[in-house]
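Numbering (this note's numbering), first residue to last: -17 to 86. This report refers to the structure that appears directly beneath it.
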Amino acid sequence: MSNRVSGGICENCQHNTAGRNCQHCAEGYHRDWTKPISHEQVCIACRCHPIGSIIRHDCDRRSGQCRCKQGVTGLTCDRCQDGYHQTRSPNNPCTKGWSYRLVV
């Protein structure tokens, strides 16, 4: 029995593509679905916010959604979720808002 794999394997993928057949975007890039995979601008660099994202240059290859820190939202992790407010901490940029209770 042969351990050979049938079919071609692309080497030296271009335009920030990756995969066996250069069929998806490389790590650190996401797909522009308005362009064919052969287009030179098909893969766009991730633009994750340097403070709001867990890893700045890591986003979903299909949607471009960055991985946000707790309390942070948005495609690029650039704003606080509802119920959170911005802090000056780079480790915890958004914290749960305070709940005020009226005492009578």
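The beta carbon of each residue, even a glycine, is placed where N, CA and C say it ideally should be. This one's a predicted model, so the numbers in the text were calculated from it and none came from an experiment.
- By the CB criterion at 8 Å, G34 and D60 fall inside the cutoff.
- Distance from the CA atom of E(-7) to the CA atom of T69, rounded to whole angstroms, is 46 Å.
- With distances taken between CA atoms, E9 lies nearest to I37 out of I37, Q63 and W15.
- Residue state for S35 is assigned as strand, using DSSP reduced to three classes.
- With distances taken between CA atoms, C62 lies nearest to C76 out of C76, K51, P72 and S71.
- For C62, the pairing in a beta bridge is given by DSSP as V54.
- One Cα belongs to K51, the other to R43, and the distance between them is close to 19 Å.
- In chain order, G79 place their CB closer than 6 Å to the CB of H67, counting only its own chain and leaving out the 5 sequence neighbours on each side.
- In the DSSP secondary-structure assignment, Q68 is bridged to C76.
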